[in-house]
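Chemist: Those sequence lines, one after another, are chains D and P.
Taking the numbering used here, the leading residue of the first sequence gets 1, the next gets one more, and so forth.
Taking the numbering used here, the leading residue of the second sequence gets 1001, the next gets one more, and so forth.
Protein chains: 2
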Amino acid sequence: MKKNTLQYILLGLIEQKGMSGYDLKEVFKNEIGEFWQAEHSQIYPTLKKLEEKGWISSTITIVGTKLEKKVYSITPLGKEQVNDWLFNQPNELASFKDEFILKLYFIKENDQQAIQDILTEQQRLHRLKLEHLYARREVIFPEKKALNGDIGHYLILDHAINREQCTLTWIERTLASLPLE
Amino acid sequence: MKKNTLQYILLGLIEQKGMSGYDLKEVFKNEIGEFWQAEHSQIYPTLKKLEEKGWISSTITIVGTKLEKKVYSITPLGKEQVNDWLFNQPNELASFKDEFILKLYFIKENDQQAIQDILTEQQRLHRLKLEHLYARREVIFPEKKALNGDIGHYLILDHAINREQCTLTWIERTLASLPLE
DNA sequence: TCCAGCATGTAACGAGTTACATGATTCG
DNA sequence: CGAATCATGTAACTCGTTACATGCTGGA
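Quick look at the structure:
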């Protein structure tokens, strides 16, 4: 019954490399944000609980002369827990919530112009996102293939790009089929 | 700042046709569940609040001899609110959470067998889902095109099918590229 | 010196899930 | 007559977001 996926993600990230709460937030922003997000207000309390359970431990590092940075590292118990999550716990399919398609559902045939407008706007948003993803891939993986230890990062980007391309293709196909009915 | 998307979805559904909380739950299960879900424990209190705001009104219908069924219908104020949501409020891109790709990210290059296992399992799940969607389309839209007033339903099914096909294609492509690195 | 960014936390609230609780109806 | 389904609600909890709150660092 217990889920709490975020704690396992934090644990997995810390296992790769000792990190602070702030560092973790950056990873969400730069690497895995396409498939999971968390605010720092959720990250810090979760780290606290993980330390209480003995899955991670922390040491204070001083930045500059005063600023305290709490760097976490994984414990043997923590490693067991990540492995259990990775290999023993089934991952159910992601449950999506997308209000865009619901708006289409509600507008229906009585307003073709509105359908077209909403599809076009969604197309614009997905194009922007896709361009942004292409640009990032260009910077990080100029060879268009994974490097040394960054296969995970490459797969996530590739998966996100694939998702956007497919969504755009569907929107274009649907636009082309207008007027419906 | 205020969002509460669920209330607009309930409102939109009730606008199409007077419905009870139970009926609404069935629509989530049968029509729009691929892109939004809600339990009855969330639906009933939301309906109550909508009635308090005067966006919907209810009448009691008797089923059999005793069972009370509360059928809601939309008010003029409610219609205004749906329209405002549909046409004036921007719909941001859906934010996805998918632990499957994160597991791939964490496993990385050190265990090719595990990567293959997890991809194959995910492939199995998406194939099942896709077959299920095909079967439903066959039953509801045997002509493979939208009918009379069911364009919204058709678009949702079509979008869900497209999503599953694309995900499967990506999984197959990634499996074919193994071993990585 | 000022400002963006580094760094960490808590509080309040809203959204969503699971469990608890009850009773009627319909069909085999 | 029994089981699945129809029908409605509340309680307790977890998850997630926004806002509040504070202070340091590094570079222009």
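Note that the Cβ used here is the ideal one computed from N, Cα and C, for glycine as well.
1. In whole angstroms, what separates the C-alpha of Thr70(D) from that of Asp111(D)?
2. Thinking C-alpha only, which one of Val1082(P), Pro1090(P), Tyr1134(P) and Asn1030(P) is nearest Arg1163(P)?
3. Can you pull the chain P residues whose beta carbon is under 8 Å from the beta carbon of Glu109(D), in chain order?
4. Glu1099(P) by DSSP, collapsed to three states: which one?
5. Write down the C-beta distance between Gly1021(P) and Leu1047(P) rounded to the nearest angstrom, noting that I regard them as a contact closer than 8 Å.
6. Name the one or two DSSP bridge partners that Ser1073(P) has.
7. What number of angstroms, rounded off, separates the C-alpha of Ile1062(P) from the C-alpha of Gly1054(P)?
8. Whose C-alpha, out of Leu11(D), Gln89(D), Arg124(D) and Arg136(D), is nearest the C-alpha of Leu77(D)?
9. Which chain P residues are close to Trp170(D), counting only those with a beta carbon under 9 Å from its beta carbon?
10. To which residues does DSSP link Ile62(D) through a beta bridge?
11. Taking beta-carbon pairs under 7 Å, can you tell me which members of the region 5-16 of chain D lie near chain P?
12. List, in chain order, every chain D residue whose beta-carbon is nearer than 7 Å to that of Asp1044(P).
13. Where does the unbroken alpha helix (DSSP H) through Trp1036(P) begin, and where does it stop?
14. If you draw a straight line from the C-alpha of Ile1161(P) to the C-alpha of Ser57(D), how long is it?
15. Mind reading off the beta-carbon distance from Asp1098(P) to Phe28(D)? Whole number of angstroms is fine, and I expect it under 8 Å.
16. For Ile1032(P), which option in Glu1092(P), Ile1115(P) and Arg1136(P) has the closest C-alpha, if you only look at C-alpha atoms?
17. The alpha helix (DSSP H) spanning Lys25(D) covers which residue range?
18. Counting only Cβ pairs nearer than 9 Å, list the residues of chain D close to Thr1174(P).
19. Return yes when the Cβ of Leu86(D) is within less than 8 Å of the Cβ of Lys1103(P), no when it is not.
20. When the Cα of Pro1179(P) is compared with those of Gln1113(P), Cys1166(P), Gln1089(P) and Lys1129(P), which residue comes out closest?
21. Are any of the Cβ atoms in chain D nearer than 8 Å to that of Phe1096(P)?
22. Nearest to Tyr72(D) by alpha carbon, out of Gly18(D), Ile140(D), Cys166(D) and His132(D)?
23. Classify Lys1129(P) as helix, strand or coil using the three-state DSSP reduction.
24. Could you round the C-beta distance between Gln165(D) and Leu125(D) to whole angstroms and report it? I think they count as a contact, below 8 Å.
25. Going by C-alpha to C-alpha distance, which of Gly152(D), Ile14(D) and Ile115(D) sits closest to Ala176(D)?
26. Just checking: is the beta-carbon of Ile1056(P) within a distance shorter than 8 Å of some beta-carbon in chain D?
27. Going by DSSP in three states, Gly1149(P) sits in which element: helix, strand or coil?
28. Interface residues of chain P around Ser74(D) at Cβ under 9 Å?
29. So that I know if they touch, is there some Cβ in chain D lying closer than 8 Å to that of Asn1088(P)?
30. I need the DSSP call for Pro1045(P), collapsed to helix, strand or coil.
31. Along the chain, where does the alpha helix (DSSP H) that runs through Leu11(D) open and close?
32. When you compare only the Cα positions, how much space is there between His40(D) and Lys25(D)?
33. Go ahead and label Ala1146(P) buried or exposed: buried means 16 or more other beta carbons lie within 10 angstroms of its beta carbon, across all protein chains shown.
34. Is there at least one Cβ from chain D nearer than 8 Å to Lys1079(P)'s Cβ?
Modeler: Taking the geometry as given:
1. The residue you call residue 70(D) lines up with position 70 of the first sequence. The residue you call residue 111(D) lines up with position 111 of the first sequence. The sequence given here has Lys at residue 70(D), not Thr. Answer to the nearest angstrom: the Cα atoms are 56 Å apart.
2. For the purposes of this step, residue 1163(P) is taken as the residue at position 163 of the second sequence. Considering only alpha carbons, the answer is Tyr1134(P).
3. Taking the first residue of the first sequence as 1, we reach residue 109(D) at position 109. The contact set of Glu109(D) on chain P, defined by CB atoms closer than 8 Å, consists of Gly1149 and Ile1151 in chain order.
4. Within the second sequence, numbered from 1, the residue matching residue 1099(P) stands at position 99. Secondary structure of Glu1099(P) (DSSP, three-state): helix.
5. If you number the second sequence from 1, residue 1021(P) lands on position 21. If you number the second sequence from 1, residue 1047(P) lands on position 47. 6 Å between Cβ atoms; contact.
6. Within the second sequence, the letter at position 73 stands for residue 1073(P). According to DSSP, Ser1073(P) bridges with Ser1057(P).
7. As a first step, residue 1062(P) must be located in the second sequence, where it is residue number 62. As a first step, residue 1054(P) must be located in the second sequence, where it is residue number 54. Whole-angstrom Cα-Cα distance: 23 Å.
8. Stepping through the first sequence from its first residue, residue 77(D) is reached at position 77. Nearest of Leu11(D), Gln89(D), Arg124(D) and Arg136(D) to Leu77(D), Cα basis: Leu11(D).
9. Along the first sequence, read from residue 1 onward, the residue named residue 170(D) stands at position 170. Simply Asp1158, His1159, Asn1162, Arg1163 and Cys1166.
10. Stepping through the first sequence from its first residue, residue 62(D) is reached at position 62. Partner(s): Glu68(D).
11. Residues of the region 5-16 of chain D with a Cβ closer than 7 Å to any Cβ of chain P, in chain order: Thr5, Ile9 and Gly12.
12. Stepping through the second sequence from its first residue, residue 1044(P) is reached at position 44. The displayed chain sequence assigns Tyr, not Asp, to residue 1044(P). Here the premise fails: no neighbours, minimum Cβ distance about 20 Å.
13. On the second sequence, residue 1036(P) is found 36 positions in, with the first residue counted as 1. Segment: none, Trp1036(P) is in no alpha helix (DSSP H) and carries neither H nor E.
14. One-based indexing of the second sequence puts residue 1161(P) at position 161. One-based indexing of the first sequence puts residue 57(D) at position 57. Cα to Cα, the separation comes out at about 45 Å.
15. Walking along the second sequence from the start, residue 1098(P) turns up at place 98. Walking along the first sequence from the start, residue 28(D) turns up at place 28. Not a contact, Cβ separation roughly 14 Å.
16. Your numbering for residue 1032(P) matches position 32 in the second sequence. Among Glu1092(P), Ile1115(P) and Arg1136(P), the Cα nearest to that of Ile1032(P) belongs to Arg1136(P).
17. Locating residue 25(D) in the first sequence gives position 25, where the first residue counts as 1. From DSSP, the alpha helix (DSSP H) with Lys25(D) extends over Gly21 to Val27.
18. In the second sequence, residue 1174(P) corresponds to position 174, counting from 1. Residues of chain D passing the Cβ test: Leu155, Asp158 and His159.
19. Walking along the second sequence from the start, residue 1103(P) turns up at place 103. Walking along the first sequence from the start, residue 86(D) turns up at place 86. Taking 8 Å as the Cβ cut-off, Lys1103(P) and Leu86(D) qualify as a contacting pair.
20. What you label residue 1179(P) is simply residue 179 of the second sequence in a count that begins at 1. Considering only alpha carbons, the answer is Gln1113(P).
21. Counting from one through the second sequence, the residue named residue 1096(P) turns up at place 96. Chain D contact via Cβ: present.
22. Mapped onto the first sequence, residue 72(D) falls at position 72. Comparing Cα-Cα distances from Tyr72(D) to each of Gly18(D), Ile140(D), Cys166(D) and His132(D), the minimum goes to Gly18(D).
23. In the second sequence, the residue the question calls residue 1129(P) occupies position 129. Looking at Lys1129(P) - three-state DSSP - the assignment turns out to be helix.
24. Translated into the one-based positions of the first sequence, residue 165(D) becomes position 165. Translated into the one-based positions of the first sequence, residue 125(D) becomes position 125. Contact flag wrong, Cβ pair sits at about 14 Å.
25. Stepping through the first sequence from its first residue, residue 176(D) is reached at position 176. Among Gly152(D), Ile14(D) and Ile115(D), the Cα nearest to that of Ala176(D) is on Ile115(D).
26. Position 56 of the second sequence, counting from 1, holds the residue named residue 1056(P). Ile1056(P) has a beta carbon lying at 8 Å or more from every beta carbon in chain D.
27. Along the second sequence, read from residue 1 onward, the residue named residue 1149(P) stands at position 149. Correct three-state label for Gly1149(P): coil.
28. To locate residue 74(D), count along the first sequence from 1; it is residue 74. For the sequence presented, residue 74(D) should be read as Ile rather than Ser. In chain order: nothing, as chain P lies at least about 12 Å away.
29. Stepping through the second sequence from its first residue, residue 1088(P) is reached at position 88. Chain D contact via Cβ: absent.
30. Taking the first residue of the second sequence as 1, we reach residue 1045(P) at position 45. Residue state, collapsed to three classes: helix.
31. Start at 1 with the first residue of the first sequence, and residue 11(D) comes out as number 11. Where Leu11(D) is concerned, the enclosing alpha helix (DSSP H) stretches over Thr5 to Gln16.
32. Working through the first sequence from its first residue, we reach residue 40(D) at position 40. Working through the first sequence from its first residue, we reach residue 25(D) at position 25. Cα to Cα, His40(D) sits roughly 6 Å from Lys25(D).
33. Here residue 1146(P) corresponds to residue number 146 of the second sequence, with the count starting at 1. Per the 10 Å Cβ criterion, buried.
34. Along the second sequence, read from residue 1 onward, the residue named residue 1079(P) stands at position 79. For Lys1079(P), not one C-beta of chain D is nearer than 8 Å to its own C-beta.
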